[in-house]
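Novice: First, the structure itself, so that you have it in front of you.
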């Protein structure tokens, strides 16, 4: 007598695979924060190299800068679409980034709102965060909090106005 098969889904198959360069799939808050920060840091570093390239050859610098800008926007849209899919929202919501103040509200919601539990219409849930993603996210959150604290302290001490005046008058 054959034994009845028990269809138990292995733990690895209950989660979607990660695709940082695809529009499909879902990513959670911490992974969204880390991927966006890493993308921004890479763009800043390569942007500095593009500025140096402009001094060598303006045509080369402008071409590299335009390519970098297009790549940054494209990858940012893909990561944002995956985060919105985790919230069970359409990626068309990214068009709100073109509306003043709505872009800020959408960005904060994407960072703070938890994703839907279990599968949704955009697929299975994202895999749990690895230790490196969790540690990286907490480091980023620490530096964001530290920068907000420093800015609030400088405003409270009246030093921010002095610093802004010094920077705008080039007398730093």
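Numbering (our numbering), first residue to last: 286 to 457.
From the three backbone atoms N, C-alpha and C, an ideal C-beta is built for every residue, glycine too.
(1) Any idea what DSSP makes of residue 405, helix, strand or coil?
(2) Just verifying my parser: in three-state terms, what is the DSSP assignment at residue 365?
(3) Under three-state DSSP, which class holds residue 386?
(4) What residue range is occupied by the uninterrupted alpha helix (DSSP H) comprising residue 430?
(5) Using the three-state DSSP reduction, which class does residue 445 fall into: helix, strand or coil?
(6) Does the Cβ of residue 329 have 16 or more other Cβ atoms within 10 Å, making it buried, or fewer, making it exposed?
(7) Would you check if there are 3 or more beta carbon pairs closer than 8 Å linking the stretch 310 to 328 to the stretch 366 to 373?
(8) Is residue 342 helix, strand or coil when you go by DSSP?
(9) Could you name the residues of the same chain whose beta carbon sits closer than 7 Å to that of residue 318, not counting the 5 residues immediately before and after it, in chain order?
(10) Are the CB atoms of residue 444 and residue 400 within a distance shorter than 7 Å?
(11) I need the straight-line Cα distance from residue 412 to residue 386, nearest angstrom please.
(12) Measure the C-alpha to C-alpha separation of residue 294 and residue 407 and round it to an integer number of angstroms.
(13) So, at 7 Å on beta carbons, what are the nonlocal neighbours of residue 349 in its own chain, with the 5 sequence-adjacent residues on each side left out?
Specialist: Taking the geometry as given:
(1) It is a strand residue.
(2) If DSSP states are grouped into helix, strand and coil, residue 365 belongs with the helices.
(3) Three-state DSSP puts residue 386 in coil, outside helix and strand.
(4) Per DSSP, residue 430 belongs to the alpha helix (DSSP H) from 416 to 442.
(5) In this structure, residue 445 counts as helix in the three-state DSSP scheme.
(6) Exposed, since its Cβ has fewer than 16 Cβ neighbours within 10 Å.
(7) A contact between stretches requires three or more CB pairs, one per stretch, nearer than 8 Å, and the stretch 310 to 328 meets this requirement with the stretch 366 to 373.
(8) When DSSP states are grouped into helix, strand and coil, residue 342 belongs to the coil group.
(9) Non-local beta-carbon contacts of residue 318 in its own chain, meaning distances under 7 Å to residues more than five positions away in sequence, involve 396, 422, 425 in chain order.
(10) Taking 7 Å as the Cβ cut-off, residue 400 and residue 444 do not qualify as a contacting pair.
(11) Residue 412 and residue 386: Cα-Cα distance of roughly 32 Å.
(12) Only weak support is given to the placement of residue 294: the predicted model assigns it a pLDDT of 47, under 50, and the value that follows is read from those uncertain coordinates. CA-CA distance, residue 294 to residue 407, rounds to 19 Å.
(13) Cβ neighbours of residue 349 beyond the five flanking positions: 335, 338.
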